[in-house]
Amino acid sequence: IKVLVYDTNRQELSASDTLICLGKDSVMFKSAPDTGYSTWTLHFGNGDSMTKTKADFSYLYTKTGKYHLVVTGSGAHCPDTSSINVHVIDIKSLFSIDTARNDTPFFSFKNLSVGGVRYNWDFGDGSPDLITTTNQEISHEFQKAGKLNICLTAFNEKGCSAKYCDTMHIDTFLYIPNVF
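Position in the sequence shown (first residue = 1) + 1 = my numbering.
1. Among the candidates Ser-94, Thr-133, Pro-129, Thr-135, whose CA atom is the shortest distance from the CA of Val-115?
2. Would Thr-19 and Asn-86 qualify as a contact pair, given that the criterion is a beta-carbon distance under 9 Å?
3. If you check the beta carbons only, do Thr-40 and Lys-53 fall under 9 Å apart?
4. Here's the rule: buried if 16 or more other CB atoms are within 10 angstroms of the residue's CB, otherwise exposed. What is Phe-143?
5. Between the alpha carbons of Ala-59 and His-88, how many angstroms are there, rounded?
6. Please state if the CB of Phe-96 and the CB of Asp-167 are separated by a distance shorter than 9 Å.
7. Check each candidate in Lys-3, His-44, Met-169, Asp-91 and name the one with the smallest Cα separation from Asp-123.
8. Taking all protein chains shown into account, do 16 or more other C-beta atoms lie within 10 angstroms of the C-beta of Ser-32, making it buried, or fewer, making it exposed?
9. In this structure, does DSSP put His-44 in helix, strand or coil?
10. Lys-159 and Ile-90 look like a contact to me (Cβ under 8 Å); what is the Cβ gap, rounded to whole Å?
11. Mark Asp-172 as exposed unless 16 or more other C-beta atoms lie within 10 angstroms of its C-beta, in which case mark it buried.
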């Protein structure tokens, strides 16, 4: 009896990043080393899979979540699998305006963004942008009257951004408080 013993293949699956922005980051996956496999099948953890004759894969996720990926090498004497976890996150930017007082230069804005850790407010009136790290309600005194485009850009922990803009009309700039 002749017994052949083959060295065990030890794959290692790597990713270009494991924190991924939804719809913006196409992730590169690589299985190494190439130990004689003829095909590799990568299961992306969401029901999708891909089989290739090279151990390089690219994928764009379409839903948020945490995914467990598994690659299987086949066609060599000792098939092997390896895995990695990725987390796909999203960012949405949105705000509402307190328009009950459009005859005054003072307005309140409620940040309704989801997934943000940093926010950049551009009030469209020439004033410096306001940068915040919370989605608390803010107030702003406008520097001019007219039709203004207010924009909020929200950034998530990865640095991906989403921008939301709304137009606002300020009727008058003259504000005289009642001191009597």
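Note that beta-carbon positions come from the ideal geometry of N, C-alpha and C, so glycine has one too.
Here's the rundown:
1. It is Ser-94.
2. A contact, by the Cβ cut-off of 9 Å.
3. yes
4. Phe-143 is buried by the Cβ-count criterion.
5. The sequence given here places Ser at residue 59; Ala does not occur at that position. Computed Cα separation, rounded: 16 Å.
6. yes
7. Proximity to Asp-123 across Lys-3, His-44, Met-169, Asp-91 peaks at Met-169, based on C-alpha coordinates.
8. buried
9. strand
10. Indeed, because the Cβ distance is near 6 Å, the residues count as touching under 8 Å.
11. exposed
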